[in-house]
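Just below is one structure, and these are the notes that go with it.
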Amino acid sequence: MDIATAQSMVLETLQRAANQNAEILKPAELKLKEWETEPGFYSILLNIFSDHSIDVNVRWLAVLYFKNGIDRYWRKTAPNALSEAEKVSLRQGLTSNFHEPINQIATQLAVLISKVARFDCPREWPELVPMLLAAVKSEDPLVQHRALLVLHHVIKTLSSKRLAGDRRLFQELTSNVFSFVLNLWNSHMENFLTQV
Numbered sequence: 001m002d003i004a005t006a007q008s009m010v011l012e013t014l015q016r017a018a019n020q021n022a023e024i025l026k027p028a029e030l031k032l033k034e035w036e037t038e039p040g041f042y043s044i045l046l047n048i049f050s051d052h053s054i055d056v057n058v059r060w061l062a063v064l065y066f067k068n069g070i071d072r073y074w075r076k077t078a079p080n081a082l083s084e085a086e087k088v089s090l091r092q093g094l095t096s097n098f099h100e101p102i103n104q105i106a107t108q109l110a111v112l113i114s115k116v117a118r119f120d121c122p123r124e125w126p127e128l129v130p131m132l133l134a135a136v137k138s139e140d141p142l143v144q145h146r147a148l149l150v151l152h153h154v155i156k157t158l159s160s161k162r163l164a165g166d167r168r169l170f171q172e173l174t175s176n177v178f179s180f181v182l183n184l185w186n187s188h189m190e191n192f193l194t195q196v
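This is how it looks when you write it as structure tokens:
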């Protein structure tokens, strides 16, 4: 089956899963559950929730299924774990979603990225924090806001790791974040005070 056909099937199933009628909803949920372990399923979900022309409820379901799949299939030791190649592709796709117009979906994306960061940052995903800091410097206020939201969730998640090695890596990773965020806050505060 080609990717376009698979994406079409997943999209139709998500649309049925968003239906309020239990006779339509239940079989769709079972089908999605069945596809969770299929290679490429999470890439299709990423494509669906990244497409702003799709209904918000369907995109919401796609991002929730993706987020829940992180807990079950992202670990290397998990049964039916995602392949490394798919993970690399998914990480790249996730960090290109800073133009999300819907706040609720943007929040779920931020949580989703933080879950991936807990497993992969900084060893497999060393570019995450520098990339977030670069996005925060964007002239586009939406991109800047979304990057700050993701940075908040990532730092919150990484700071909760308790092993000494993880704590040391977190310290190294965030050593320049505080001064950067403080300068950004001061700049925004000055702009605010001049407007008042």
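Just so we're aligned, residue 1 is where the sequence shown starts under full-length UniProt numbering, counting upward by one.
We treat Cβ as the ideally placed atom computed from N, Cα and C, and that holds for glycine.
In this text the structure is predicted, and so the values were computed from the model without any measurement.
* Hey, how far is the Cα of glutamine 92 from the Cα of glutamate 86? -> The count along the sequence shown starts at 1 and reaches residue 92 at position 92. The count along the sequence shown starts at 1 and reaches residue 86 at position 86. The alpha-carbon atoms of glutamine 92 and glutamate 86 are separated by roughly 10 Å.
* **Candidates Leu94, Asp2, Ile113, Met131, of which the one nearest proline 39 by Cα** => The residue you call residue 39 lines up with position 39 of the sequence shown. Cα-wise, what sits closest to proline 39 is Asp2.
* To do: Find out if the Cβ-Cβ distance for the pair leucine 82, isoleucine 48 is shorter than 8 Å.
  => Locating residue 82 in the sequence shown gives position 82, counting from the first residue. Locating residue 48 in the sequence shown gives position 48, counting from the first residue. Contact: no.
* **Option nearest leucine 142 by Cα separation, candidates His153, Asp71, Ile102** => Translated into the one-based positions of the sequence shown, residue 142 becomes position 142. Nearest Cα to leucine 142 within the set His153, Asp71, Ile102: Ile102.
* Please confirm whether alanine 117 and valine 63 have their CB atoms less than 8 Å apart. => Counted from its first residue, the sequence shown places residue 117 at position 117. Counted from its first residue, the sequence shown places residue 63 at position 63. Against a cut-off of 8 Å, the Cβ pair of valine 63 and alanine 117 comes out as no contact.
* Asked: So which of Leu158, Glu124, Pro79, Thr107 has the shortest CA-CA distance to leucine 90?
  -> The residue given as residue 90 occupies position 90 in the sequence shown. Taking leucine 90 as reference, the option from Leu158, Glu124, Pro79, Thr107 with the minimal CA-CA separation is Glu124.
* Can you tell me the Cα-Cα spacing of cysteine 121 and leucine 128, whole angstroms? -> Working through the sequence shown from its first residue, we reach residue 121 at position 121. Working through the sequence shown from its first residue, we reach residue 128 at position 128. Cα to Cα, the separation comes out at about 7 Å.
* Asked: Where do the ends of the alpha helix (DSSP H) carrying glutamine 108 lie?
  -> Counting from one through the sequence shown, the residue named residue 108 turns up at place 108. Here the alpha helix (DSSP H) through glutamine 108 covers 103-120.
* Applying the criterion that 16 or more other CB atoms from any shown protein chain within 10 Å of the CB defines a buried residue, is leucine 46 buried or exposed? -> As a position in the sequence shown, residue 46 is number 46, starting the count at 1. Here leucine 46 is buried. Its C-beta has 16 or more other C-beta atoms within 10 Å.
* Kindly indicate the opening and closing residues of the alpha helix (DSSP H) around serine 43. => If you number the sequence shown from 1, residue 43 lands on position 43. For serine 43, the uninterrupted alpha helix (DSSP H) run begins and ends at 41-50, by DSSP.
* leucine 109 to leucine 94, Cα distance in whole Å? -> As a working mapping, residue 109 is identified with position 109 in the sequence shown. As a working mapping, residue 94 is identified with position 94 in the sequence shown. Roughly 8 Å between the two C-alpha positions.
* To do: Starting from the Cα of aspartate 55, find the closest Cα among Leu14, Arg72, Phe41, Pro27 and give me that residue.
  => Your numbering for residue 55 matches position 55 in the sequence shown. Of Leu14, Arg72, Phe41, Pro27, the residue nearest in Cα terms is Leu14.
* **Burial state of serine 96, where buried means 16 or more other Cβ atoms lie within 10 Å** => Taking the sequence shown and counting its residues from 1, the one referred to as residue 96 is at position 96. With fewer than 16 Cβ atoms within 10 Å of its Cβ, serine 96 is classed as exposed.
* leucine 169 versus asparagine 176: straight-line alpha-carbon distance, rounded -> In the sequence shown, the residue the question calls residue 169 occupies position 169. In the sequence shown, the residue the question calls residue 176 occupies position 176. Distance between the alpha carbons of leucine 169 and asparagine 176 is about 13 Å.
* Should tryptophan 60 and glutamine 20 be called a contact, given that it needs their Cβ atoms to be closer than 8 Å? -> What you label residue 60 is simply residue 60 of the sequence shown in a count that begins at 1. What you label residue 20 is simply residue 20 of the sequence shown in a count that begins at 1. Result no, Cβ atoms of tryptophan 60 and glutamine 20 do not sit closer than 8 Å.
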